[in-house]
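Quick note: to get our numbering, add 5 to the position in the sequence shown (first position is 1).
See structure below.
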Amino acid sequence: MTTQNMTTDNKSIVQRALTALVATGDVDALAPLLSDDFVHHRPDSTSRTKAEWLAAVRAALVPLAGMQVEIQHVLADGDRVVMCSRRRLPGAGPGIVVVDVWRLDDGLIAEAWEIIEPVAQAAANLTWWEPADH
Numbered sequence: 006m007t008t009q010n011m012t013t014d015n016k017s018i019v020q021r022a023l024t025a026l027v028a029t030g031d032v033d034a035l036a037p038l039l040s041d042d043f044v045h046h047r048p049d050s051t052s053r054t055k056a057e058w059l060a061a062v063r064a065a066l067v068p069l070a071g072m073q074v075e076i077q078h079v080l081a082d083g084d085r086v087v088m089c090s091r092r093r094l095p096g097a098g099p100g101i102v103v104v105d106v107w108r109l110d111d112g113l114i115a116e117a118w119e120i121i122e123p124v125a126q127a128a129a130n131l132t133w134w135e136p137a138d139h
């Protein structure tokens with residue numbers, strides 16, 4: 006398979022997985038798209054296995070029912086797919102911006118990284134290196 010075809014296929018797999026999850030709330034539909042040794046990495050250096058991550062997603066979907074997801078960018082290069090989306094709960098203010106990075110291996114999602122920024126706090130994060138006023 007050419008790199009171009011692999012990149013296109015990987016984008017399609019990620020888009021299909023997230024669209025199905027958001028549209029149906031069916032975490033079980035996501036499971037076959039993840040490799041058995043899938044790892045979800047967090048910015049705080051913790052990681053979750055496939056089973057742990059699916060359980061966390063399942064638990065999060067209850068309070069997030071009705072969440073609106075606007076996919077703003079999907080970029081792919083070889084085995085990596087990056088997706089930037091804006092997510093809001095109905096009537097709950099400006100929401101969050103999420104950047105997901107996915108690594109695919111042989112047609113399955115093998116690793117994921119996720120960065121979440123509350124839109125209301127975005128301006129403060131431009132000066133994260135400055136000490137907070139107390």
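Where is the CB? At the ideal position from N, CA and C, for every residue including glycine.
In this text, all values refer to a predicted model and were calculated from it rather than measured experimentally.
Exposed or buried, what is residue i when buried is set at 16 or more other beta-carbons lying within 10 Å of its beta-carbon?
i	result
Asn15	buried
Leu35	buried
Are the CB atoms of residue j and residue i within a distance shorter than 7 Å?
i	j	result
Arg108	Asp84	yes
Val32	Leu59	yes
Leu38	Ala22	yes
Phe95	Gly112	A small fix is needed here, since residue 95 is Pro in this sequence, not Phe. Against a cut-off of 7 Å, the Cβ pair of Gly112 and Pro95 comes out as no contact.
Cys89	Val74	no
Pro99	Ala125	yes
Arg91	Val79	no
Ala115	Ser40	yes
Going by the DSSP bridge assignment, what does residue i pair with across the sheet?
i	result
Arg101	Note on residue identity: the sequence assigns Ile, not Arg, to residue 101. In the DSSP output, where bridge partners are listed per residue, Ile101 has Arg92 and Pro123.
Gln73	Arg93
Arg85	Asp82 and Arg108
Ser52	His46
Whose C-alpha, out of the options, is nearest the C-alpha of residue i?
i	options	result
Val19	Thr51, Asp110 and Arg47	Asp110
Ile121	Asp42, Leu39 and Pro48	Pro48
Gly30	Ala127, Leu66 and Glu135	Leu66
Going along the chain, which residues of its own chain have a beta-carbon closer than 6 Å to the beta-carbon of residue i, five neighbours each way excluded?
i	result
Ala117	His45 and Trp107
Leu26	Leu35
Glu119	Asp105
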